[in-house]
Structures are given as structure tokens and as C-alpha cells.
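Protein chains in written order, with UniProt numbering: chain A, 1 to 346; chain B, 1 to 346.
Backbone N, C-alpha and C fix where the C-beta goes; we use that ideal spot for every residue, glycine too.
It should be emphasised that the depicted structure is a prediction, and the values quoted were computed from it without experimental measurement.
Comments concern the structure below.
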């Protein structure tokens, strides 16, 4: 929302495709021993010796997944990496490499791509992954980022291993990214009416950061290993808790009781929900973009995680024919329905 | 250019994201022993045991890389796979898996996506690869396909291994895809003026097929192995012969003499070039999209490939300080310059 009148604008047409990729990736370092050859040939070459690998890909589209009027480009680059790594961690794997493809219209100067790549580079450093390839091309409109993430895994965890009586556990807290988005959307509307208004975003710092610069739970994979806990099933929360619970239940052929009073909420989420007059449970269930991990463990593993503030036990798994329910604070049972983002709706 | 008034149009909004991916990929089979888990979890799981892997990614954008007014969607799906596999083969690797991400606007019905996936499925069958993941999302405009291809390799060939005195070899023939595009562009203009005109495309079948449904040279990788030839360097021809020669020379730190009279051209390319009054050598050098393999071999390997109609020796490598030149039919020497597609030009 803040316009910098002095920003430099170098047109993309000043670079050939190869010159541009070289320019954007020249600072990128290779740290993973599994990367034999990164950017610069027809393909990257990797050697995982006798480890299995995981691979996942995600597409972020301007106007659908992000709005550049409040998403700084550096944050966008960072977030694009993080949402992919989150899928790698959800397999109980270690993320090792990514490829990055960007389609961008000529309305963006080279400096815009530099900002996106700066965010990508920061994420690569923090999560210790190598950027090993990609493609940069023009688009007729808008900006689109496609990232593929690769990881190595010894003991992968699928969505389909949950058993009745397993405990349902979630990391961190939920609903913050969604409420951060509500605040940003509101400020955008205010800005349209009065471009000179100075928003006070201080009460929303945590939820806005969760929206603009989410983190993937690399730490949890290490923690689970240290605690000697192997989840029976796992998924990351990108579309919202209810949608992910349904995935785990359907693929594992189990049911679930989810306890409303156990869902972890940050105080900022609760106060902002009150301000916006939105039900915080609905936000936690359907908001999405939390990038927390949702997993099931055998009850015998409960003592290992019980005292750890990273984990909340929010429900337990039942027989499939018992269905999937939210047990409310008033002790009534409501069927869980997916209401995650439906990007194809008109 | 032919409109089917009776075609079925199911809106994309009729499916949730997950339902849509399930619907589009339900027929896809897993054939590769390295695929442990394909579509359906947070990530695919692969096991190459102790083989190295190669990975490459490409982005195809409507209005930049393809024009739907003459590119049938099935062909587009097929071509999107092939251009990625070509990069895998250019590493001397065996292609094994792909992920497919598609961004598409609501103006496309589900049947359009089904056509694209039908092309992808056909390519996957013919090249014996597994489709192991992907993402399908909406875009604000247009169609975009991002594919990542994975392969396994024992003895990879890079771009940087060419030595002075090595022979420069190309597979197949060059320039056909570019001339096919010229014919299609011309027909599009004719159609705009007179939608009832019936074009006679019979004289152009080969070059149009090379544009709309190119093939990657999987067969060459097997052939080279059978002939016991390991190229010293290799690249695939996507941007044009001159641009690829420059890549090999720069990365190998060598020079090159390319002989104009040795460049393989199909008779249809020659006759169409005459019709369009374009120089066929320029087309071969700068046309691109041939997806043939360009490689260098040690002179001692020459007898092994000499009699094989798949290969044309088109030049030989020199010391870097001797530069890169086209030796014309008139025996003059012209420096080789890259004039490949520059997608960022205004």
C-alpha cells in the first residue's frame, strides 16, 4: 500500500531468458550433499544414495492465491517456498532441494523478480535447501510461481495410517493466517477510500505475519524424532483443519471426534474474531493457510508429547462408521464438513 | 479452427479442487518400480535405490508458448510432457516420473482439462513414465502448464564436457517445427479473413506435426548405449541450434566450426522455406522447438555412429580462442550468434 516513487525499474526485456536466470540465481549456494549439479544444465542431478525421496509441487497464482496490493514480493517468494516445504515435512521427510518457475508479465521490472528471489533465497537459507533449477518466462498477465520441493526420507508417514483410538494432535495454533487476511483486506478497503489513512496494525502483528510470512514446521520433524514418536498418519494444514481431518479419516478409513475446547487459538485470533464478529472455531476449522502439522499417534505415545507446548491433543480417532464430528463446548456433536478454499467457484 | 457446437461444457466450479484432480487422474497407472506412492498424499514417494536422479522443470504459458487457436488441447498436453522429457534425455537419463500443475481460467470447461490430461496420459504411456503429482488451480486469465520431470541416471552427460577436436553431432532434422508454426500462423490469418476457407495442409503434414506433436528422443539414449557411445557433452535443441551450440561451447570452454552443408533438413522444410522466402539455414539455426539432441563425441567413436541415419555430424570442436563459426556453403566463416526465442522482448 506504500508506493516508493524512487524505485528503480529495469525492464525485463533488457535480459535474455538465460541472462535473467543467471542474474537472479547468481548468489544461490549449494549446501546439500545430495545435490550433484544444480542450475545450469538441461536438468539438475541429485544423489540420495539409498534414501527414498519425496516430491511435491504447488502453484501460486496472482489474484487467486495472493494479492500484491498487500503482499510484499519478498514475502511472496518466501511464502511460495514455505508452502511447498510444509508438504515435505508432512511426509516426515527432510526438505533438501527446490525448483522455482516464475511466469511474469512485462509490467514487472527486473527489480520485482529480484525481490521475489531474495525471499526465495532467505527461505532457502533458513530451511537449508538448495535451489537447483527452474524456468522464468513471460506471461500475458499477472504473476505465477510454481515450486517443486524435493526431500529425503527414511520413514515416511502417509495420510492413511490412522487407527481407531489414535489421538489427533496439532502443532502451534490455528486460524491466525485467515484472520490476518481479514485485517489486510479491511485495510485495503480503507486505503481505497482514504489513501492517507495511517492504519494501526500493532494489535494484529502476529496474525498478519502468519498470513504474509508463514513458517513450515521443520522443527517438528526433528522434535518428533528426538521424542521417538512416529505419527501413524500426518498432513499439513493448508486448506483448513476440517478439510485435513476429512483427508486423514477418509484415507485411513476411520472416524473422528474433534473437541472444540481443545483447538489451540492465539489470543490475537480470539480478540480479532470478536472485533470482526466471526466465530473463532469456524475460523480454525475452515480458515486454512496455517501450515501447521496435523497428525495421529498411538495412545501409547501420549506421555512423550504430553508436556510439550508445541502439541495440542484435539481429538481422537474412531471407527469409520461412527463418522467425523466436532464435539462443541456445549457437548453437542456436529458433523465435520470440508469448507476449505474452493478456487474454482465462480 | 473448427468449432464443435455440440461439445459438452461442464463448469470447473462443479468440482472441488480435490474432486477435480481425482477425476482427471483416475485412469493414470503406476508402472515404474521407483514410484512408491504417486498422487494422493502431501507428496509422492520415490525410491531410486542407489541410482542418481535428474530433475527438470518447464512452464508453458498461453499466448507466449502456445496459441489455442491452432493448438488442440490434447496435443498441448502431449507436447508439455515431451518438452520436459527431452531435457531428461539430454542428461543421458531415463525419464521415470512427472508432476503436472495446471492453472486455468473459468472460461475453460472440465472437458478442456480432460483433453489436456488425455494428451498427458498418452505421452505418459508412450514414454513409459508415471504421473505422480500436481496441482490444479484457477487463473485470472489463460492457461498455464508447469511440468517437472524426474529421471534416473547411471552415467549423466553434462553440457560442459566437450573437448577440442570432438565431433558435433545432431539427431533427426532441424527447422521443421518452426516452419510448421509459420504455416499455422498463416492459416490463422487466412481464417480470420475468410472462416469458410478450406486450407490444404497436405504439403505441410510433417512440419505441422513437428510443431503440434513433437517427440523427445528417448530412442537415442538407448541407441547410444547399444552403440557403446558416451557423448562428451549433450543438450537438447529447444531454443535453436545456434543457441545450443553456444551453450555447449561456453560451458565446455571450447570453440566450434559448424558446416552449413551438413545441417540436416527435411525436404518439406526446404520447400516451405522457398515458399515463404526464408533462408533454411537461418531457420535451422534459430527456429527452435526441434527437441532433437545435440552432442559431442570423441573422434574415436566416429565409426560407431557413421552409418547410422539417426545421426548427422555437423561440425567439430576447436580451442575456445578460435571462436564459434558457421562455415557456409561458399566456404566463408560467419560468427555464430544466439537468436533463440526471447520471450521477454516487448
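Contacts between residue 101 of chain B and chain A, judged by CB atoms closer than 7 angstroms, involve 57, 59, 146 in chain order.
Annotation: the continuous beta strand (DSSP E) that includes residue 259 of chain A extends over 254-259. The Cβ of residue 53 of chain B sits closer than 9 angstroms to at least one Cβ of chain A.
Taking residue 25 of chain A as the centre and dropping the five residues before and after it, the same chain places the C-beta of 39 closer than 6 angstroms to its C-beta, in chain order. Residue contact with chain A for residue 63 of chain B: present (Cβ-Cβ distance below 9 angstroms to some residue of chain A). Taking a C-beta distance under 9 angstroms as the contact criterion, residue 131 of chain A and residue 99 of chain A qualify as a contact pair. DSSP, reduced to helix, strand and coil, places residue 199 of chain A outside both helices and strands of the structure shown, so it counts as coil. In its chain, beyond the 5 residues on either side, 54, 56, 95, 149, 151 have a beta carbon closer than 7 angstroms to the beta carbon of residue 88 of chain A.
With its beta carbon at least 9 angstroms from every one in chain A, residue 166 of chain B lies outside the interface.
The residue from B:308, B:253, B:284, B:262 with its alpha-carbon nearest to that of residue 321 of chain B is B:253. Given a length threshold of 3 residues, each whole run of the beta strand (DSSP E) inside the segment 6-47 of chain B is given here in chain order: 35-37, 44-46. The DSSP-derived three-state label of residue 88 of chain A is helix.
Under the 9 angstroms criterion on CB atoms, residue 225 of chain A is classed as non-interfacial with respect to chain B. Non-local beta-carbon contacts of residue 41 of chain A in its own chain, meaning distances under 7 angstroms to residues more than five positions away in sequence, are absent.
Neighbourhood of residue 46 of chain A in chain B, by CB distance below 8 angstroms: 52, 53, 54, 55, in chain order.
For residue 320 of chain B, there are no C-beta contacts with chain A under 7 angstroms, since the nearest C-beta of that chain is about 18 angstroms from it. For residue 123 of chain A, the secondary structure class from DSSP, reduced to helix, strand or coil, is helix. Contacts with chain B at 9 angstroms (Cβ-Cβ) include residue 251 of chain A. At a Cβ-Cβ threshold of 9 angstroms, residue 64 of chain A and residue 238 of chain B do not count as neighbours. Look at residue 151 of chain B here: in three-state DSSP terms it is strand. Shown here, residue 66 of chain A sits in a strand according to DSSP, grouped into three states.
The beta carbon of residue 115 of chain A does not come within 9 angstroms of any beta carbon belonging to chain B, so the residue lies off that interface. If you look at residue 276 of chain A, you'll find it in the alpha helix (DSSP H) that goes 267-276.
Taking the Cα of residue 75 of chain A as reference, the smallest distance to any Cα among A:294, A:93, A:113 is reached at A:113. The beta carbon of residue 28 of chain B sits closer than 8 angstroms to the beta carbons of 38, 39, 121, 124, 130, 131 from its chain, once the five residues preceding and following it are set aside; these are given in chain order. Out of B:66, B:232, B:192, the CA that lies nearest to the CA of residue 178 of chain B is found in B:66.
With fewer than 16 other Cβ atoms from the protein chains shown falling within 10 Å of its own Cβ, residue 201 of chain A counts as exposed.
For residue 135 of chain A, the uninterrupted beta strand (DSSP E) segment begins and ends at 130-138. Residue pairing of residue 60 of chain A in beta bridges, as defined by DSSP: A:145.
Below 8 angstroms, enough C-beta pairs join the segment 160-180 of chain A and the segment 292-307 of chain A to call them touching: three or more. In its chain, beyond the 5 residues on either side, 79, 82, 177, 289, 291 have a beta carbon closer than 7 angstroms to the beta carbon of residue 214 of chain A.
In the DSSP assignment, residue 211 of chain A falls within the alpha helix (DSSP H) that extends over 205-212. For residue 259 of chain B, the closest of B:128, B:245, B:206, B:268 by C-alpha to C-alpha distance is B:245. Here the alpha carbon of residue 230 of chain B sits roughly 27 angstroms from the alpha carbon of residue 327 of chain B. In this model, residue 204 of chain B and residue 156 of chain A are separated by some 52 angstroms (Cα to Cα). By the Cβ neighbour-count rule, residue 19 of chain A is exposed, with fewer than 16 other Cβ atoms within 10 Å of its own.
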